[in-house]
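A.B. asks: Below is one structure. I have some questions about it.
Protein chains in written order, with this note's numbering: chain A, 1 to 113; chain B, 114 to 230.
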């Protein structure tokens, strides 16, 4: 069974500082990887995904993530945090032959002025 | 631009009552999913459907039933509500690529907040 671990349930960053959200997965086969963002009282929105090809993936709102197979990681970064980035972020994994996402526990980001 | 629409948005039930949550999507997606979201646990899959007339169990199916009589609708039923089913429920849908559904993003509704007293 695959699992997804997000290190840190809460992260606090200052406006303009680097945002780094960590995601590690366990999978016996090459996975498809996703990052979703959830704003208060809303559903999840796709930030970015890795399927095949380039391991550095760019998403919306200035976010990007790098797939590192040797580290089984897919960490999410943004060079400069904005107040509007305050939300909860979820990493998710799908197997190459599957149709069911496995989600991490989520990381809530607080942006301080 | 409706996407995935969930009704109702909020509901309070008493233990033992039954109810149905409705999910409708207007994107002609083949796959539909029901999740529950609980603090610190991310989203957990309850049931899913790979097409009209099909349903399958997910990670936490006990106490729930589903039906997909029409491609655009996916219903989640609670036959006898229990306090442990207090949660936020999300419906999602996804398309199918040439390689299958696994590399397609899921599109989510805004959720239904359900409290069981």
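Glycine is no exception: its CB is placed at the ideal position from the N, C-alpha and C atoms. Just so we're clear, the structure is a prediction, and the values are computed from it rather than from any experiment.
Since residue 32 of chain A is in the beta strand (DSSP E), which residue starts that stretch and which ends it?
C.D. replies: Locating residue 32 of chain A in the first chain gives position 32, where the first residue counts as 1. Note, residue 32 of chain A: beta strand (DSSP E), 31–38.
A.B. asks: Can you find a CB in chain B that lies within less than 7 angstroms of the CB of residue 61 of chain A?
C.D. replies: For this step, residue 61 of chain A is matched to residue 61 along the first chain. Interface flag for residue 61 of chain A against chain B is unset, since no Cβ pair is found closer than 7 angstroms.
A.B. asks: Just to confirm, is the Cβ distance from residue 74 of chain A to residue 92 of chain A under 7 angstroms?
C.D. replies: As a first step, residue 74 of chain A is located in the first chain; it is residue number 74 there, counting from the start. As a first step, residue 92 of chain A is located in the first chain; it is residue number 92 there, counting from the start. Against a cut-off of 7 angstroms, the Cβ pair of residue 92 of chain A and residue 74 of chain A comes out as no contact.
A.B. asks: Would you say residue 156 of chain B faces chain A, with C-beta separation under 7 angstroms as the test?
C.D. replies: Numbered from its first residue, the second chain carries residue 156 of chain B at position 43. Chain A contact via Cβ: present.
A.B. asks: Could you have a look at residue 132 of chain B and say whether DSSP puts it in helix, strand or coil?
C.D. replies: The residue given as residue 132 of chain B occupies position 19 in the second chain. In this structure, residue 132 of chain B counts as strand in the three-state DSSP scheme.
A.B. asks: Looking at chain B, which residues of the region 50–83 of chain A have a Cβ within less than 7 angstroms of any of its Cβ atoms?
C.D. replies: Of all residues in the region 50–83 of chain A, only 51 place a beta-carbon less than 7 angstroms from a beta-carbon of chain B.
A.B. asks: Would you kindly report the start and end of the unbroken beta strand (DSSP E) that includes residue 9 of chain A?
C.D. replies: Working through the first chain from its first residue, we reach residue 9 of chain A at position 9. No beta strand (DSSP E) contains residue 9 of chain A, which DSSP labels as neither H nor E.
A.B. asks: Drop a sphere of 10 angstroms on the beta-carbon of residue 82 of chain A, count the other beta-carbons inside from all chains shown, and report buried for 16 or more, exposed for fewer.
C.D. replies: Sequence index remark: in the first chain, residue 82 of chain A carries index 82 (1-based). Its Cβ having fewer than 16 others within 10 Å, residue 82 of chain A is exposed.
A.B. asks: For residue 229 of chain B, which residues does DSSP report across the bridge?
C.D. replies: Along the second chain, one-based indexing puts residue 229 of chain B at 116. Per DSSP, B:126.
A.B. asks: Could you check which residue in B:167, B:127 and B:129 has the C-alpha nearest to that of residue 146 of chain B?
C.D. replies: Within the second chain, numbered from 1, the residue matching residue 146 of chain B stands at position 33. Among B:167, B:127 and B:129, the Cα nearest to that of residue 146 of chain B belongs to B:167.
A.B. asks: Any C-beta of chain A sitting closer than 7 angstroms to the C-beta of residue 174 of chain B?
C.D. replies: By one-based count along the second chain, residue 174 of chain B stands at place 61. So no, residue 174 of chain B is outside the interface.
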